[in-house]
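Data block below; observations after.
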Amino acid sequence: MMKRNNFPFSAVLGLNHAKTAILIVLVNPRAGGLLISGPRGIGKSTLMRSTQELIERPWRDIPVSVTEDRLFGTIDTEKAIYSGQKKLYPGIINEADQGVLYLDDANLLREDLLDFILNIAEVGAYQLERDGLSLRCDTSFTVIAAINPESGMLSGACLDQFGLFVNVDNIHDENTRVEILKRTISFEKDCASFCKLWKLENEKIKKAIHSA
């Protein structure tokens with residue numbers, strides 16, 4: 202099956218502060234991650250999907266229903282017992298090493314899991330313990346998350362762990378809304394041709410990120 206193109210990052214309108222913040226955390230992983238808050242339908246998810254096209258690094262989504270084993274990984278206890286070697290079955294966090302972890306509707310994720318993720322991102326390692334076995338896992342990733350405040354906010358402790366926070370609101374400028382609609386229709390009608398129109402601009406952004 203042919204992979205469907207994402208909406209081009211450079212073609213996204215009305216989310217300029219969010220786009221600037223995304224570029225900051227892509228350039229500087231030490232910025233502390235990013236949380237974007239805004240109402241449903243504003244284009245947060247579209248913007249996030251478009252961001253994947255700007256980097257060559259791993260990008261992993263975390264579903265709100267994720268299990269601890271899928272998130273943090275597991276240890277092959279049988280091999281550890283019989284051979285003394287501790288083998289890690291990677292979780293999403295390990296798969297995102299040197300890349301980006303994206304959480305859509307982060308406020309719907311179990312808060313203890315979100316807290317663990319943010320702590321690991323800050324420390325750069327965690328201790329995986331399963332069936333009496335313990336294994337240190339080193340990993341480095343950038344957290345980018347989005348929430349809809351209408352479905353609940355994060356706790357103050359979680360909010361404090363994000364280096365950057367951007368609040369986006371509904372777009373009221375009529376000309377901008379009309380242009381967004383035109384671009385959306387063009388993309389849905391022929392996404393390949395639409396993406397070609399913005400390919401050069403996207404490549405400029407990718408090169409700027411790489412150079413920085």
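Those letters in the sequence shown? Residues 202 to 413, per the working numbering, in order.
The beta-carbon is built from N, C-alpha and C at its ideal position, and this holds for glycine as well.
Three-state class that DSSP yields for residue i in the structure shown
i, result
"L236", "strand"
"F366", "strand"
"D332", "coil"
"D262", "strand"
"R337", "strand"
"A413", "coil"
"L289", "strand"
"I294", "helix"
Range covered by the beta strand (DSSP E) that runs through residue i
i, result
"I347", "Position check: residue 347 holds Ala in this sequence, whereas Ile was assumed. Where A347 is concerned, the enclosing beta strand (DSSP E) stretches over 342 to 348."
"V301", "300 to 305"
Residues near residue i by beta carbon distance below 8 Å, same chain, minus five either side
i, result
"E323", "G233, Q362"
"E351", "P240, R241"
"L314", "V267, E269, L272"
Spatial neighbours of residue i in its chain, beta-carbon cut-off 6 Å, leaving aside the 5 residues before and after
i, result
"D306", "V265"
"I236", "Before going on, a small fix: residue 236 reads as Leu here, not Ile. Closer than 6 Å at the Cβ level, and outside the excluded window around L236, lie A346, F363, F366."
Span of the alpha helix (DSSP H) around residue i
i, result
"D270", "269 to 273"
"I381", "375 to 390"
"I225", "217 to 228"
"R250", "245 to 252"
"E257", "Counting along the chain, E257 falls outside any alpha helix (DSSP H), and DSSP gives it neither H nor E."
CB contact below 9 Å: residue i versus chain B
i, result
"E279", "Absence of chain B from the displayed structure is noted, only one protein chain being present."
- How do the stretch 240 to 249 and the stretch 270 to 280 stand: do at least 3 beta-carbon pairs fall below 8 Å, yes or no? no
- Query: Can at least three beta-carbon pairs, one atom from the stretch 297 to 315 and one from the stretch 242 to 257, be found at a separation below 8 Å?
  - Reply: yes
- Query: Counting pairs of beta carbons, one from the stretch 216 to 228 and one from the stretch 354 to 369, are three or more of them closer than 8 Å?
  - Reply: yes
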